[in-house]
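Letter by letter, the sequence shown follows residues 452 to 578 of this note's numbering.
Every residue gets a Cβ at the ideal spot worked out from N, C-alpha and C, and that includes glycine.
What follows is a short report on a single structure.
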Amino acid sequence: SPLVGGPAPDFTLTLLDGEEMRLRDLRGRPVVANFWASWCYPACWNEAPRLEAVWRRYKNQGLMLIGIIYQDTEKNARDFIAKHGKTYPNGMDVKSRIAIEYGVFGIPETFFIDREGKISHKHIGEI
């Protein structure tokens with residue numbers, strides 16, 4: 452499990468729109484990586500509008516918010532995104548590879564990664 456203050460493990464996430472996002476390409480921008488699933492009720496449902504509000508408020512200031520979909524089906528994830536009006540990038544964590552690298556053991560979990568690519572904060576539970 453990566454330690455707060457240490458480097459965030461690099462990952463490549465295939466987004467639901469087919470684009471690939473690499474964490475290393477976001478160096479120089481603050482990144483919020485949120486692990487979630489449609490079945491994570493009520494916590495993921497409760498935090499969805501708060502995360503979307505943060506995205507809308509700060510995306511033009513350089514913030515990157517990434518939804519990492521954990522142990523869910525693509526259909527259920529897409530339905531959740533539509534229901535909750537998520538507009539920030541989301542992608543499936545195939546075989547939980549990213550979650551394993553980050554030591555995720557329960558969701559939601561959110562990692563705050565600074566401009567230098569270090570984990571500045573880890574939040575377990577609902578934001």
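The C-beta distance from residue 503 to residue 537 rounds to 6 Å, short enough to meet the 8 Å contact threshold. The count of Cβ pairs closer than 8 Å, one atom from the region 549–559 and one from the region 505–518, stays below three, leaving the stretches out of contact. Judged by DSSP secondary structure, residue 483 falls within the beta strand (DSSP E) whose first and last residues are 482–487.
Put simply, the backbone Cα of residue 546 is about 12 Å away from that of residue 524. For residue 562, the enclosing beta strand (DSSP E) has its first and last residue at 560–564. When the beta-carbon positions are compared, residue 470 and residue 463 stay at least 7 Å from each other.
For the set 476, 529, 576, the Cα lying nearest the Cα of residue 543 is the one of 529. Secondary structure note for residue 526: its alpha helix (DSSP H) is the uninterrupted segment 525–535. The alpha carbon of residue 531 has as its nearest neighbour, out of 489, 484, 479, 478, the alpha carbon of 489.
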